[in-house]
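In what follows, a single structure is set out as structure tokens and then discussed.
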Amino acid sequence: MLLISDEKTLSREIDSLRKSGKLINFIPTMGNLHLGHSSLFKKSDNTDEIRVVSIFVNPLQFNDDKDFNNYPRTIESDKKKLLAEGVDVLFLPDAQIIKVVKFALRLGHIGRKLCGIDRSGHFEGVAKIILKFLDLIKPDFITLGEKDYQQLLVIKKIIKDLKIKTKVKSCPTVRDKDGIALSSRNKLLGKKIFLARYIPTVLKQITLEINEGSFELQRLNYFRDYLEKSGIDRVHYLEILNENNLFSISKLPCMSRVFIAISIEGVRLIDNMRIESKLACSSNGILNVSPK
Ligand code: PAF
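All the letters of the sequence shown, read from the start, carry residue numbers 109 to 400 under the working numbering.
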């Protein structure tokens with residue numbers, strides 16, 4: 109595994125690896141690697157690709173210094189895991205990398221919804237670092253997880269808007285035995301991790317009720333209350349939205365997801381679950397599964 113921290117060396121090495129004719133797959137991370145990341149590193153069948161992983165805790169996407177300082181950093185064990193996965197290149201930029209990232213981005217509605225409401229500047233920070241990486245690496249693919257679904261949509265949008273050639277691959281969320289989505293932040297919860305179990309429970313219950321027939325959007329208030337009474341400090345949002353554009357479900361049937369963000373003792377957790385049938389919404393706020 110090549111370990112690179114200098115931008116020029118990275119571009120040069122990638123250029124020479126590309127000459128082998130193999131495709132370049134880029135997997136950006138902030139480290140503290142877990143099994144959710146491993147699913148992103150797995151080679152797709154029949155592809156002999158070069159896998160480039162970055163580890164960088166990006167200050168531009170944190171709007172709270174405490175959150176940035178507390179973000180778990182486990183670089184030595186991360187390196188061992190990447191070696192075991194057979195990753196080809198590990199890019200470990202230093203803090204200077206963000207100095208040159210100075211441009212304004214328009215993320216539109218996708219950037220303003222859900223986490224965009226109370227994490228001002230977060231997605232702009234993600235988009236800026238990803239654009240910087242894409243410019244340096246020029247990968248054929250970028251691989252991202254569906255747990256950060258809004259981030260996935262933001263990155264797809266900037267790639268499309270800026271006509272970048274990189275294709276986006278996405279991987280389903282990996283969950284532990286209790287259904288909790290794997291996340292580096294789970295570690296920060298300590299014994300309070302049991303409260304995180306309410307998230308998959310609620311998401312599954314909502315998708316189940318929807319699939320059983322009609323679902324009143326007002327019922328989401330019941331689930332918000334239920335979560336807050338269970339000991340979760342705050343439900344930032346619990347919403348069912350069109351999975352392509354994060355607009356509310358309208359009369360036109362669309363594929364959708366339930367999205368949630370909560371905080372437990374100041375640790376913010378997000379998750380989402382796909383609803384496996386097309387949904388339409390009537391004027392009185394009732395969601396219906398549309399006939400296939
Ligand atoms: O999902 C993450 O870990 C980060 O937001 C990313 C994509 C590596 C950008 O810093």
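Here a beta-carbon is modelled for each residue, glycine too, at the ideal position from N, C-alpha and C.
Nearest to residue i by alpha carbon, out of the options?
{"i": "Ala304", "options": "Glu373, Asp202, Ile132, Ile225", "result": "Glu373"}
{"i": "Leu316", "options": "Val262, Asn329, Arg382, Ile378", "result": "Arg382"}
{"i": "Ser356", "options": "Leu387, Ser371, Ile340", "result": "Leu387"}
{"i": "Glu121", "options": "Asp173, Val197, Asn140", "result": "Val197"}
{"i": "Ser113", "options": "Leu261, Lys300, Leu244", "result": "Leu244"}
{"i": "Leu239", "options": "Ile318, Gln204, Leu270, Glu184", "result": "Leu270"}
{"i": "Ile183", "options": "Asn350, Arg332, Leu141", "result": "Leu141"}
{"i": "Lys285", "options": "Leu297, Gly298, Thr309, Ile272", "result": "Thr309"}
{"i": "Gln204", "options": "Ile288, Pro180, Ile237, Asp173", "result": "Ile237"}
{"i": "Ile307", "options": "Asn294, Ile318, Lys127", "result": "Asn294"}
Looking only at its chain, what residues have a beta carbon closer than 8 Å to the beta carbon of residue i, apart from the 5 residues adjacent to it on each side?
{"i": "Asn380", "result": "Glu254, Lys255, Tyr257, Thr281, Leu311, Arg365, Val366, Phe367, Ile368"}
{"i": "Thr274", "result": "Phe134, Leu242, Lys246, Pro247, Asp248, Phe249, Ile250, Ile267"}
Looking only at its chain, what residues have a beta carbon closer than 7 Å to the beta carbon of residue i, apart from the 5 residues adjacent to it on each side?
{"i": "Lys264", "result": "Val276"}
{"i": "Asn171", "result": "Arg227, Ser228, Gly229, His230"}
{"i": "Lys300", "result": "Ile372, Glu373"}
Looking only at its chain, what residues have a beta carbon closer than 6 Å to the beta carbon of residue i, apart from the 5 residues adjacent to it on each side?
{"i": "Ser147", "result": "Cys279, Val282"}
{"i": "Ile394", "result": "Ser322, Glu324"}
{"i": "Ile378", "result": "Ala369"}
Check whether the Cβ atoms of residue i and residue j sit closer than 7 Å, and answer yes or no.
{"i": "Pro361", "j": "Ser390", "result": "no"}
{"i": "Leu222", "j": "Tyr345", "result": "yes"}
{"i": "Ala235", "j": "Leu252", "result": "no"}
{"i": "Leu290", "j": "Gly139", "result": "no"}
{"i": "Gln169", "j": "Gly233", "result": "yes"}
{"i": "Ile218", "j": "Val165", "result": "no"}
{"i": "Leu125", "j": "Phe199", "result": "no"}
Provide the residue span of the beta strand (DSSP E) that contains residue i, from first to last.
{"i": "Arg342", "result": "342-350"}
{"i": "Ile394", "result": "394-397"}
Between which two residues does the alpha helix (DSSP H) containing residue i stretch?
{"i": "Asp379", "result": "No alpha helix (DSSP H) holds Asp379; the beta strand (DSSP E) holding it covers 375-389."}
{"i": "Arg126", "result": "115-126"}
Determine contact between the stretch 187-200 and the stretch 226-233, defined as no fewer than three beta-carbon pairs at a distance below 8 Å.
Short answer: they don't touch.
Counting Cβ pairs, one atom from each stretch, are 3 or more of them under 8 Å apart for the stretch 118-135 and the stretch 160-174?
Yes, since at least three Cβ pairs between the stretch 118-135 and the stretch 160-174 fall closer than 8 Å, the two stretches touch.
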